[in-house]
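Novice: Take a look at this one; I'll ask things after.
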Amino acid sequence: MRSAAVAATAVSLALLVTACGGGEKGGEKGDKGGTGAPGASATSAPAAKVLSAAELDRLIVATADVEGHQVTKTDDGDVVPAGSVTADQAACTPIAHAMSMISPGSPAASAGRKVIEEPKKDASASPEDALLGGLGARVTLVTLGSYDGQGAQEAFASVKKAGAECAGGFQVVHLKERTKVAEVAPETVTAGEEAVAFTVTSEMAGRPFVSKLVVFRQGNTLASFSTNSLAPGGVKELPQAVIDAQAAKLS
9 MRSAAVAATA VSLALLVTAC GGGEKGGEKG DKGGTGAPGA SATSAPAAKV
59 LSAAELDRLI VATADVEGHQ VTKTDDGDVV PAGSVTADQA ACTPIAHAMS
109 MISPGSPAAS AGRKVIEEPK KDASASPEDA LLGGLGARVT LVTLGSYDGQ
159 GAQEAFASVK KAGAECAGGF QVVHLKERTK VAEVAPETVT AGEEAVAFTV
209 TSEMAGRPFV SKLVVFRQGN TLASFSTNSL APGGVKELPQ AVIDAQAAKL
259 S
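Right, here's the structure in full:
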């Protein structure tokens, strides 16, 4: 499952299975769409505080922040070095990185979590149906990155630009696994000081695999959300509850 899933999403969808095993308790204007040139914020925004990894760990979304979800810390194998994820078009690398729990650009510090949507309980469901329901739950990979200077603005602008230039698809190599991203389509989202969202359609065993990608900036921090599901048809909606909870903690 790990090999086939990585080939579908540029980040191991084995996370979708292992993540369902448990959770960690505790724990305004945005640009719409994913196209267009970088805005004035990329050069004119005032400098904000650069957060440390420990500070990001305290600010990243936790189970107590999102009703109906479980949040787990990332494992050592969940995140790979930025150089291990490449795209055949350099302009598309920021999207490939955001999909792979890698903060685009050159963050000074980062933190990550896996947010698992709790399946709706149905007492009448058979054990097989209950298992399928669990595997179909949405899993959102959340990454926070903090940047020096204008790094966050520049990283956000690179993601936004990638959404326009890579709309027709591109090839990703994640470690040794090659993935074809067939389409990157803009979505509408509002979060932080500026935000973009995309529906990303990849190919899995010759069939379309649909996921969602959201990136927003708050000060010198970039928040990325890559949402996947093994349910038929993939992910149909943005993980709005997760986005709102994270935006509230960073505001």
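Read in order, the letters of the sequence shown are residues 9 to 259 in the working numbering. Backbone N, C-alpha and C define an ideal beta-carbon position, used for all residues, glycine too. Here the structure is a predicted model, which is why all the values come from computation and not from measurement.
(1) For L183, which of helix, strand or coil comes out of DSSP?
(2) Grab the span of the alpha helix (DSSP H) containing P247 for me, first residue to last.
(3) Roughly how many angstroms separate the alpha carbons of A104 and K128, rounded to a whole number?
(4) Starting from the N-terminal side, write out each stretch of the alpha helix (DSSP H) that is 4 residues or longer and does not extend beyond the stretch 68 to 116.
(5) For the beta strand (DSSP E) containing K220, name the first residue and the last one.
(6) Using DSSP with H/G/I as helix, E/B as strand and the rest coil, what is L258?
(7) How about V189 and T94: are their beta carbons less than 9 Å apart?
(8) Alpha carbons only, please: which of R146, Y155, Q161, G242 is nearest the one belonging to S60?
(9) Between the C-alpha atoms of M109 and V208, what's the straight-line distance to the nearest angstrom?
(10) Here's the rule I'm using: 16 or more other beta-carbon atoms within 10 Å means buried, otherwise exposed. How should E36 be labelled?
(11) Who are the near neighbours of G144 in its chain, counting only those whose CB is closer than 7 Å to its CB and skipping five residues on each side?
(12) Could you give the uninterrupted runs of the alpha helix (DSSP H) lying entirely in the stretch 157 to 211, keeping only those of 4 residues or more?
(13) How would you write the range of the beta strand (DSSP E) that S234 sits in, first residue to last?
(14) Pick out whichever of N228, K168, A256, S234 has its Cα sitting closest to the Cα of S114.
(15) Return the residue from the list L258, E245, E195 that minimises the CA-CA distance to E125.
(16) Quick one, which of V123, V88, V74 has its alpha-carbon nearest K81's?
(17) In whole angstroms, give me the CA-to-CA distance for F233 and I68.
(18) Please return the same chain residues whose Cβ sits closer than 6 Å to the Cβ of S118, not counting the five positions on each side in sequence.
Specialist: A quick look at the data gives this:
(1) coil
(2) Taken as a continuous stretch (DSSP letters only), P247 belongs to no alpha helix (DSSP H), as it is neither H nor E.
(3) 31 Å
(4) 101 to 107
(5) 215 to 226
(6) helix
(7) no
(8) Y155
(9) When rounded, the distance between both Cα atoms is 15 Å.
(10) The pLDDT assigned to E36 is 38, lower than 50, so where the model puts this residue is not dependable; a value taken from the coordinates is nonetheless given after this. With fewer than 16 Cβ atoms within 10 Å of its Cβ, E36 is classed as exposed.
(11) S237, L238, A239
(12) Whole alpha helix (DSSP H) segments, 4+ residues: 159 to 173.
(13) 229 to 236
(14) When only C-alpha atoms are compared, the closest one is N228.
(15) E245
(16) V123
(17) 12 Å
(18) S111, G153
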